[in-house]
Every structure is written in structure tokens, then in C-alpha cells.
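Down below is the structure, laid out as C-alpha cells.
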Amino acid sequence: MRDSNSISNAGYAGHMAKANQIANRHLAEVDIIIVMLDARAPMSSLRPFLGKRLLEQYKSKVFLLLNKQDLADPEVTEKWIRYFENDGYRAIGVNARDKKSAAGAVDFILNSRQKEGRRASYFPRAMMIGVPNIGKSSFINSVAGETKTHVGNKAGITRGKQWVVTDSLELLDMPGILQSNKLEENELVKLACLSSINDENTDSLENAYYLYRVIGPEKIGLYYETELDEGMDFETAMNEIALKRKMIMRGGVGDIERAALALINDFRTLRFGRISLEVPDEQ
Ligand SMILES: Nc1nc2c(ncn2[C@@H]2O[C@H](COP(=O)(O)OP(=O)(O)OP(=O)(O)O)[C@@H](O)[C@H]2O)c(=O)[nH]1
Ligand SMILES: [Mg+2]
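Structure (C-alpha cells):
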């Protein structure tokens, strides 16, 4: 099972301290704080860096962007937006890789500010904040209309801060923040499934076990073309998948670690459809 210090041991500590420093320096001085969440698990992607207290402190300038909405269950994303609105926040779903969607989010932010009496001509400064690999830099590139920041499908791509000037606002890119010591085990598992923690720093079997329960043996069996019954234990199911995919170790046994990674990647690439990992409590 996962060592709770594994993330800081994996070279994240200095990097994370720097990200915290940048955040603390800019939170008070910027006009807009864009909090980027993963639409598939907004709560688990919110908890690692702000906590509700900080969010409340800066409520008047916070905008919640539920990113990667193209990967989430659209009905659940709508529920999350209503949930945050009921809590007094301004929230919108977005696909940061899509220029139109990113432009829509910027319009939403600027129009909301205008309705609240801010001058349209004012050129605001906004900072992006969120866990690693959530799409902060992608969003900035889409808004800028060109590649201004480094993007990559791995946590920890952005290493320092960078201001990017666009037509309508100035955007601050910064490294992702993930204070793993403040999180519960199931939140870490979800963040790993969403690629905010790199696979080499987590326990893939544990993450796959979580997804196995969320997606269910029937749907998984259908995709891998092997029969997995409800009652089957997880390791047997992973072994079935491994054998089916010819992931075989010496002695003819299935490589369940590789099968676990395949399951996680197939979840990430929508092989089981658009799945949200968190649903808001009905109010
Ligand atoms: N499907 C999908 N992928 C996205 C979306 N936004 C970003 N991505 C992908 O997610 C990965 C991470 O994007 P980045 O923009 O580098 O994320 P970041 O938050 O800047 O990451 P760090 O710099 O590591 O903190 C990249 O592979 C992007 O292409 C989205 O809305 N939908
Ligand atoms: Mg980045």
C-alpha cells in the first residue's frame, strides 16, 4: 500500500513549496482568482491547495472552472455547477484545450464582473490555481490563441510562474499545488486516477481497485471481452484482463500490475465512457 510520504519523497516537496509561495504572494493582489477543478472530482481537486477557508476569504474574486468537462458525465457537471452556485460561487464547465470553450469561460468571468459594476475597459490580472496536470497552462494557451506556456500530460510540467498577456486579461500561470499530507486516502486515489499524481508515485493496484468498483465488473468485462462476474475478487479479475491482453509473466501468470495500469489508462481515455467520480450531495 502507498506510503503517505511518497509524493513528497518523489521530488515534489521543493516544487510544491515554491508553488505555495507564488500563490500566497499573488492571492491578495490579483483581481481574479481562477480556481481550476477537475469536473470529474471537483471536491478532491479543490481540497489539496485551498481548503474552504481560503476560498471563502477571496469569494468575491474567485471563479471556479470545472475543467476537462469533455471527460466528465455532463449531467453530473451541471449538478456541480448548481451546487457551487447555491454556495454563492460563480462556476462554469470548460474544456481548456478548446479555444471556443476557454473564450466562453473568459466571457463568463468578464461579464460577471461587469454586472457587478466593474468597468469593461479595465484590464484585469488573473491567477490560475489548481492541482498539477489539471489544465491551467492549456487554458492560458487557448485564451492567448497560441502556445505561450508548457503543457504536458504529466503532473509537474510548470515549474515557475509566468505572466501571459492576452487580449482581455493578464493571466498568471504557476505550478500545480498538491498538499498530500492534508488529504484522505480516497482523495489521493481519485487524484491519481485523474493524473494529478504521476503513476510512478502511487500504488496502481490500489487506484485500479477503486476504478474497478466505480465502473463495475460488467462494463469492464465487456470492454476487455472477458467475463467478469460481480462476485469475482479484484485480483482474479485483473488476472483475467492480463491474460486476455497477453500481459504474461514468467510461469504463465498474468501481470496484474500491467493490467491495473491498462485499466487506469483506459478510464482516462474514455474507453468506459464519460464517468464522474464525485456527485454532489443533493440539497
Ligand atoms: N480532455 C481534456 N484534456 C485536457 C483538458 N485540459 C487540459 N488537458 C490535458 O491535460 C494535460 C495537462 O494540461 P496542462 O495544461 O499541462 O496542466 P497544468 O495544470 O498546467 O499542469 P502542471 O503545470 O503540471 O500543474 C495535458 O495533456 C492537456 O492536453 C481538457 O479540458 N480536456
Ligand atoms: Mg502547467
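Under my numbering, the first residue of the sequence shown is numbered 12, with each subsequent residue one higher.
Backbone N, C-alpha and C define an ideal beta-carbon position, used for all residues, glycine too.
This one's a predicted model, so the numbers in the text were calculated from it and none came from an experiment.
Secondary structure within the segment 113-164: the beta strand (DSSP E) runs of 3 or more consecutive residues, fully enclosed, are 136-140 (chain order).
Sequence-distant Cβ neighbours of residue 135 in its own chain, meaning closer than 6 angstroms and more than five residues away, are 42, 43 and 180.
DSSP places residue 197 inside the alpha helix (DSSP H), whose first and last residues are 196-204. At a Cβ-Cβ threshold of 8 angstroms, residue 188 and residue 59 count as neighbours. Within 7 angstroms of the C-beta of residue 165 there is not a single heavy atom belonging to ligand 2. Within the same chain, 255 come within 7 angstroms of residue 236 by CB-CB distance, once the 5 residues on both sides are set aside. DSSP places residue 97 inside the alpha helix (DSSP H), whose first and last residues are 85-97.
Taking 8 angstroms as the cut-off, the Cβ atoms of residue 291 and residue 90 count as close. Of all alpha-carbon atoms in 125, 124, 126 and 103, the one lying nearest the alpha-carbon of residue 115 is that of 103. For residue 184, the enclosing beta strand (DSSP E) has its first and last residue at 181-184. In terms of side-chain proximity, the C-beta atom of residue 99 is found no nearer than 7 angstroms to any non-hydrogen atom of ligand 1. Here the distance from the Cβ of residue 244 to the nearest heavy atom of ligand 2 is not below 7 angstroms.
Contact between residue 184 and residue 148 holds, with the beta-carbon distance rounding to 5 angstroms and staying under 8 angstroms.
Following the DSSP letters along the chain, one finds residue 78 inside the beta strand (DSSP E) bounded by residues 73-78.
Scanning 128, 33, 267 and 76 for the CA closest to the CA of residue 151 turns up 76. The distance from the Cβ of residue 34 to that of residue 78 is about 18 angstroms, inconsistent with a contact at the 8 angstroms cut-off. The beta carbons of residue 206 and residue 285 sit about 16 angstroms from each other, so the pair does not count as a contact at 8 angstroms. Assigned with DSSP and collapsed to three states, residue 239 falls in coil, not helix or strand.
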